[in-house]
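So our numbering is basically just the index in the sequence shown, starting at one, shifted up by 104. We put the CB at the ideal spot given by N, CA and C, even for glycine. Predicted, not measured: the structure shown is a model, and the values here were computed from it.
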Amino acid sequence: MIVSSCANVVSPSGGPVDKTPPEIILSSPENYSVFYQGQRIRIWFDEFVKLDNVTQKLLVSPPMGANPEIRLKGKSVIIEPADTFRANTTYSFFFADAIKDITENNPIPGFTFVVSTGSYVDSLSVKGKVLDAWTMKPVDLAYVMLYDDLNDSVPIKEKPIYISQTDKQGMFSIQNLRPGTYRMFALLDLNYNFLFDQPNEQVAFLDTFITPVYEPPVKRNIKETDSLSIDSATTNQKIMESGLDSLQSRPSRRSIVNEPKDTIGEDIEIVIDSLSINEVVLPTDSIKNDSITEIKPGIPQYTLYLFEHKDERQALLSSTYGRKGLLSLTFKLPVDSLHFNDLEGDIQPSPRLIEYNNTRDTLLIWMPELSQDSLKTVVMDNGMVIDTLRMALKLKAQPSGGRQRNSSSAADSILTIKPMFPSGVVPWFSKLGFLCSSPVSSIQKDKFFLYEDSVLVSSDILFHDSLKRKFNVAYELKKEKSYMIEMLPGFVTDIFGLQNDTIKIQMKTDSEVSYGSLNLDITLPVDTSYIFHLTDDKGAALFEKKIESSGVIHITNLKEGKYGMRLIKDENGNGKWDPGHYLKGLQPEKVYISGTPAQVRANWDTEAIWDVNEQKPISR
Numbered sequence: 105m106i107v108s109s110c111a112n113v114v115s116p117s118g119g120p121v122d123k124t125p126p127e128i129i130l131s132s133p134e135n136y137s138v139f140y141q142g143q144r145i146r147i148w149f150d151e152f153v154k155l156d157n158v159t160q161k162l163l164v165s166p167p168m169g170a171n172p173e174i175r176l177k178g179k180s181v182i183i184e185p186a187d188t189f190r191a192n193t194t195y196s197f198f199f200a201d202a203i204k205d206i207t208e209n210n211p212i213p214g215f216t217f218v219v220s221t222g223s224y225v226d227s228l229s230v231k232g233k234v235l236d237a238w239t240m241k242p243v244d245l246a247y248v249m250l251y252d253d254l255n256d257s258v259p260i261k262e263k264p265i266y267i268s269q270t271d272k273q274g275m276f277s278i279q280n281l282r283p284g285t286y287r288m289f290a291l292l293d294l295n296y297n298f299l300f301d302q303p304n305e306q307v308a309f310l311d312t313f314i315t316p317v318y319e320p321p322v323k324r325n326i327k328e329t330d331s332l333s334i335d336s337a338t339t340n341q342k343i344m345e346s347g348l349d350s351l352q353s354r355p356s357r358r359s360i361v362n363e364p365k366d367t368i369g370e371d372i373e374i375v376i377d378s379l380s381i382n383e384v385v386l387p388t389d390s391i392k393n394d395s396i397t398e399i400k401p402g403i404p405q406y407t408l409y410l411f412e413h414k415d416e417r418q419a420l421l422s423s424t425y426g427r428k429g430l431l432s433l434t435f436k437l438p439v440d441s442l443h444f445n446d447l448e449g450d451i452q453p454s455p456r457l458i459e460y461n462n463t464r465d466t467l468l469i470w471m472p473e474l475s476q477d478s479l480k481t482v483v484m485d486n487g488m489v490i491d492t493l494r495m496a497l498k499l500k501a502q503p504s505g506g507r508q509r510n511s512s513s514a515a516d517s518i519l520t521i522k523p524m525f526p527s528g529v530v531p532w533f534s535k536l537g538f539l540c541s542s543p544v545s546s547i548q549k550d551k552f553f554l555y556e557d558s559v560l561v562s563s564d565i566l567f568h569d570s571l572k573r574k575f576n577v578a579y580e581l582k583k584e585k586s587y588m589i590e591m592l593p594g595f596v597t598d599i600f601g602l603q604n605d606t607i608k609i610q611m612k613t614d615s616e617v618s619y620g621s622l623n624l625d626i627t628l629p630v631d632t633s634y635i636f637h638l639t640d641d642k643g644a645a646l647f648e649k650k651i652e653s654s655g656v657i658h659i660t661n662l663k664e665g666k667y668g669m670r671l672i673k674d675e676n677g678n679g680k681w682d683p684g685h686y687l688k689g690l691q692p693e694k695v696y697i698s699g700t701p702a703q704v705r706a707n708w709d710t711e712a713i714w715d716v717n718e719q720k721p722i723s724r
């Protein structure tokens with residue numbers, strides 16, 4: 105019997121995995137060439153390569169009018185610009201990791217090809233990082249752009265003349281710059297057109313103009329006994345030194361400078377002029393008993409804080425009529441003063457029946473006496489027309505037969521009461537709060553019972569919102585006790601005449617040994633208005649306190665675990681963090697994040713110290 109099948113093409117087994125990226129063996133013209141007059145660049149590699157999302161990853165600096173065509177031919181990559189090169193200009197083609205081998209996807213990291221149409225390659229540079237203004241975390245893939253037009257509107261109207269992109273550490277480097285003064289701007293470009301033209305694009309900017317400086321190649325002092333060859337150690341230096349402009353030959357002061365680190369690892373800014381070069385001795389490596397010392401030039405490190413502008417245009421995002429007498433409206437921004445100008449009928453609701461969420465951008469409008477089948481009204485906020493609302497107010501009839509799930513019929517027939525505390529074991533210091541499914545018109549307190557260790561105790565019911573949807577049981581819980589709550593039918597009647605069914609809830613309280621406390625001794629940079637947050641591992645605020653001077657913050661009843669600490673400089677005193685505004689020249693309010701979390705242990709008083717001055721935040 106003969107069996108045949110198609111062959112599967114597989115890689116040969118055995119041997120080490122290829123982790124070596126492709127190497128350049130030839131290019132036309134050479135990298136860092138001068139007097140370039142051609143219109144095509146070709147780069148040959150030692151193996152076949154592929155292009156990974158090169159359209160998005162390739163950055164041409166200065167940008168050209170149209171994207172160049174990038175294509176493969178054999179083992180080479182061909183760059184064909186769509187526009188003519190400008191005279192006396194240095195062009196950089198930054199590929200990031202877009203060029204990879206075809207076997208193991210090994211990229212050439214940070215590959216840049218540079219040519220100049222003039223007599224030298226511009227050799228100045230700027231470096232820095234981009235941080236999220238709220239989280240203080242590095243921002244990846246943000247464009248950092250330079251403009252020689254210093255007008256503040258230029259990022260909105262014109263493309264930059266130089267551009268780079270941040271890596272995963274938020275770091276950026278813009279090289280091969282000509283001398284001059286520039287405006288620096290960062291952008292998370294949503295539509296990839298290198299313009300700040302979308303309201304939800306995040307931006308960052310410097311308050312002052314910048315001047316690039318010359319950064320010499322990294323030098324290595326190699327002992328004769330070192331097994332590394334001098335040629336291999338200076339290869340990159342030779343490449344970088346080719347075609348540098350005349351600034352390289354100017355005299356410069358040279359000194360050894362230690363770069364201190366703050367508590368969150370930020371580099372301290374070192375400002376130098378274009379004729380002064382600070383060199384920094386880096387920690388020696390372990391090759392041949394520390395026989396190699398790297399000397400790294402110190403140049404200014406700029407830090408930009410990325411933020412999204414406040415959206416100032418109000419809009420009605422959604423409207424639903426999910427159950428009888430309840431209209432839900434969701435707005436883009438918090439509502440200031442809501443008003444309806446009815447075009448059909450009269451639905452002006454009483455202020456008592458309008459319910460806002462915590463951020464005031466979602467409203468529940470309760471209309472128990474609504475009888476019309478449709479609604480047409482103009483929605484206004486703070487005197488401005490937002491939208492015209494048209495909707496049917498007649499709910500679809502439910503099909504007969506069978507049990508309906510998740511329908512409005514259940515909400516229209518019974519009032520539900522849900523506890524606002526965890527089930528099972530509850531913190532001994534909890535307030536027993538409840539949420540009713542609709543506003544309450546009346547209660548019968550003789551149909552509510554609270555038992556402590558099976559003994560009926562006296563309690564009261566207190567509503568704490570104007571719509572009477574939320575109420576607390578006025579009783580101070582005790583530690584390590586068993587409780588049961590019983591609500592009989594008719595305990596609560598809502599504005600639609602609906603009543604609750606029988607409700608029974610059982611629970612236990614824990615003890616104080618389950619919790620710890622934190623005494624935080626905080627030292628502020630200056631005595632002014634701050635907002636302190638104790639946060640969870642996701643950065644959500646668990647505790648908030650306004651402070652104006654250094655001192656001790658005492659926080660009790662904390663679960664065991666690690667807590668983050670955040671400090672906001674409330675410069676306008678409105679009690680919240682505010683992002684910046686580019687055209688108004690407003691930077692986002694400063695945020696400090698503690699580099700060391702507070703470790704709280706159960707049944708312990710934890711002492712912690714946070715000297716914000718030692719963190720040395722980068723000046724804006």
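Which value, in whole angstroms, describes the spacing of the CA atoms of residue i and residue j?
i, j, result
"Tyr-406", "Phe-276", "9 Å"
"Ser-227", "Phe-215", "17 Å"
"Glu-127", "Val-153", "10 Å"
"His-685", "Lys-414", "8 Å"
"Ser-698", "Tyr-224", "47 Å"
"Asp-715", "Leu-671", "11 Å"
"Leu-592", "Glu-693", "52 Å"
"Ser-432", "Asp-477", "16 Å"
"Asn-623", "Glu-616", "17 Å"
"Leu-310", "Glu-652", "28 Å"
"Pro-211", "Ile-267", "21 Å"
"Pro-404", "Lys-233", "11 Å"
"Thr-315", "Phe-435", "45 Å"
"Asn-157", "His-568", "56 Å"
"Thr-285", "Asp-440", "44 Å"
"Ile-490", "Lys-480", "14 Å"
"Arg-417", "Val-482", "17 Å"
"Ile-174", "Ile-182", "6 Å"
Using a threshold of 8 Å, state whether the C-beta atoms of residue i and residue j are closer than that.
i, j, result
"Leu-560", "Tyr-587", "no"
"Ser-132", "Val-219", "no"
"Val-596", "Ile-635", "no"
"Val-307", "Phe-289", "yes"
"Gln-273", "Pro-320", "no"
"Ala-578", "Leu-410", "no"
"Phe-198", "Met-249", "no"
"Lys-585", "Glu-556", "yes"
"Arg-494", "Leu-539", "no"
"Thr-639", "Gly-679", "no"
Report the option in the options whose CA atom is closest to the CA atom of residue i.
i, options, result
"Lys-179", "Leu-163, Ala-170 and Leu-155", "Leu-155"
"Leu-571", "Leu-163, Glu-584, Pro-543 and Glu-208", "Pro-543"
"Val-630", "Val-617, Gln-279 and Asn-717", "Asn-717"
"Phe-149", "Gln-141, Ile-469, Ser-432 and Leu-130", "Leu-130"
"Lys-231", "Thr-239, Phe-217, Gln-269 and Ser-558", "Gln-269"
"Gly-426", "Thr-481, Ala-496 and Lys-123", "Ala-496"
"Ser-527", "Gln-610, Phe-567 and Asn-209", "Gln-610"
"Ile-599", "Glu-648, Ile-469, Trp-708 and Phe-647", "Ile-469"
"Ser-196", "Asn-171, Arg-175 and Ser-165", "Ser-165"
"Leu-291", "Pro-264, Arg-282 and Val-695", "Pro-264"
"Glu-184", "Leu-176, Pro-172 and Lys-177", "Pro-172"
"Leu-408", "Leu-442, Gln-691, Val-530 and Gln-302", "Gln-691"
"Ser-257", "Asn-295, Asn-280 and Phe-300", "Phe-300"
"Asp-205", "Pro-125, Arg-282 and Lys-612", "Pro-125"
"Ser-423", "Glu-648, Gly-689, Ala-702 and Asp-465", "Asp-465"
"Leu-442", "Met-168, Asp-485, Asn-280 and Leu-474", "Asp-485"
Looking at chain D, is there any beta carbon in it that lies within less than 8 Å of the beta carbon of residue i?
i, result
"Ser-441", "Considering every chain present, this structure includes no chain D. It has just one protein chain."
So residue i and residue j are in contact, right, with Cβ under 8 Å, and what is the actual spacing, rounded?
i, j, result
"Ala-202", "Leu-162", "6 Å"
"Tyr-619", "Lys-663", "6 Å"
"Ser-541", "Leu-519", "6 Å"
"Ile-713", "Asp-625", "5 Å"
"Asp-641", "Pro-531", "Actually they do not touch by this definition, with Cβ atoms about 20 Å apart."
"Ser-654", "Leu-628", "5 Å"
"Ser-229", "Ile-260", "That belief does not hold up - the Cβ atoms of Ser-229 and Ile-260 are roughly 26 Å apart, past 8 Å."
Discussion item. Could you tell me which whole beta strand (DSSP E) segments of length 3 or greater appear in the segment 116-203?
Written reply: 128-132, 145-149, 153-155, 163-165, 173-177, 180-184 and 194-200
Worksheet item: Quick one: complete beta strand (DSSP E) runs, 3+ long, within the segment 426-495?
Response: 430-435, 442-446, 458-460, 466-470 and 478-485
Fill in: Any beta strand (DSSP E) of 3 or more consecutive residues that is wholly inside the segment 653-677
655-663 and 665-673
Worksheet entry | 3-residue-minimum beta strand (DSSP E) runs that sit fully inside the segment 279-328, ordered along the chain | 287-291, 307-309 and 323-326
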